[in-house]
Amino acid sequence: AGTATQQAPIQAANVALQGGAGAYRLTNAGNRIGTLAANAGSVDIADSAPLTIGRVAGLSGVSASGAVTLTAPALTLAAPIASRASGTAITLAATTFVNRAGANALSAPNGRWLVYSDAPEADAFGGLQSGNLALWGDAYTGGADARAASASGNRFAFNARQQVTLTAINIDVPFETPRTLGPNDVTIALRYNGANYGNAFADSPANHEPFVFTVTSTGATPGAAIGTYAITVTATGGPTGYTITTQGGTLRIAGTPPPAPPSVPVQPVMPQEPETPVTTVAALPGILDSVRTDAANPAPLYNATPGRQPESAPLVQQRTDSTSDGSRLPDDAWPGHVCRM
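This is the structure:
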């Protein structure tokens, strides 16, 4: 068994490679192959047209005892690919990768597989999972690069860069309570989270390549006054293929509310007693003492009218001796009103 190569481009809708232990190396830049199936020692195909791995002439998919390398503008797996080689057993490279062969579309029991594409949003992973972090900003250049070579296990490698956003959490701190800021005060968001792609790769906010950042705020220092302070997140380092952006937050130091004033007991309001009317009588010497009511001789009740008070005894003027009473008025003091007894 040897290695089959080509002298001219292959332009065919369907190609089947049956070679047993033989090796096929068909890498002419003019190749335009539609659907490929193979059973050989090793397979290395470069296609300038979209390539589908499917069923051709009784063969389904690609099976090889050695390494399998397939490159095309777009690659679709309608049938699985299996390799028993060690090391990097399967390498697939395309702008877009579409898997229609299910979770077991790639099998490398003695080694691992690598799938290169432009970006996750252009791919359809079909349940295929690498179980590892993806390689970002890693374009296929004709073979496994240094990064891919140093990364163990099955891997997806994307030309796109992973985008990380670090956002500070807004914090309220009681007055005179020092606060140490750290990673727990920052949220991490990934542009490409594996959970959004059927967990094809393991990248997540909790699982990613390590990067370094600091979180600072003047409000976190001891003795900071009451007020609102900015929280600053600064990325000081990141892995290859990562773009890190930051968003600040606020730290608010709340003052202690003043103590409530003591409540003043409410005095009960007592009802006011009604005022007793007071009648003031001015005494007129020499006049009132000469006017009396004959209480000893009350008026008879025969002339009482119902609903009216009985008449009082008539007022009479008692004549006194003017010589003994210096306060007596002369008889002509009340002209025409003198009643003599």
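Residues 1 to 341, numbered by UniProt numbering, are exactly what the sequence shown covers, in order.
Backbone N, C-alpha and C fix where the C-beta goes; we use that ideal spot for every residue, glycine too.
Item: Where Cys339 falls: helix, strand or coil (DSSP); Value: The predicted model places Cys339 with a pLDDT of 40, which falls under 50 and marks its position as unreliable; any figure quoted below should be read in that light. In the structure shown, Cys339 sits in coil (DSSP, three-state: anything other than H, G, I, E or B).
Item: C-alpha distance - Thr180 paired with Glu209, whole-angstrom precision; Value: 25 Å
Item: For Gln7, three-class secondary structure by DSSP; Value: coil
Item: Same chain, Cβ closer than 6 Å to Pro314, neighbours up to 5 away in sequence not counted; Value: Because Pro314 sits at a pLDDT of 47, beneath the cut-off of 50, its placement in the model cannot be relied upon, and the point is left open.
Item: Gly19 to Ser60 span [Cα, whole Å]; Value: 14 Å
Item: Ala40 versus Leu75: straight-line alpha-carbon distance, rounded; Value: 20 Å
Item: Ser152, buried or exposed, once every other Cβ within 10 Å from all chains shown has been counted against 16; Value: exposed
Item: Bounding residues of the beta strand (DSSP E) (the contiguous stretch that carries Arg32); Value: Arg32 to Ala40
Item: Among Ile169, Tyr197 and Leu106, nearest to Ala134 - alpha-carbon criterion; Value: Tyr197
Item: Spatially closest choice to residue 359 from Asn28, Val56 and Arg55, by CA coordinates; Value: Any property of residue 359 remains undetermined from this structure, which presents the chain solely from 1 to 341.
Item: Val15 - DSSP class collapsed to helix/strand/coil; Value: strand
Item: Simplified DSSP state of Asn193, which is helix, strand or coil; Value: coil
Item: Nearest to Ala8 (by Cα), restricted to the options Leu17, Gly2, Asn14 and Arg32; Value: Arg32
Item: Backbone secondary structure at Arg147 - three-state DSSP; Value: helix
Item: 9 Å Cβ cutoff met for Ile226 and Gly248; Value: no
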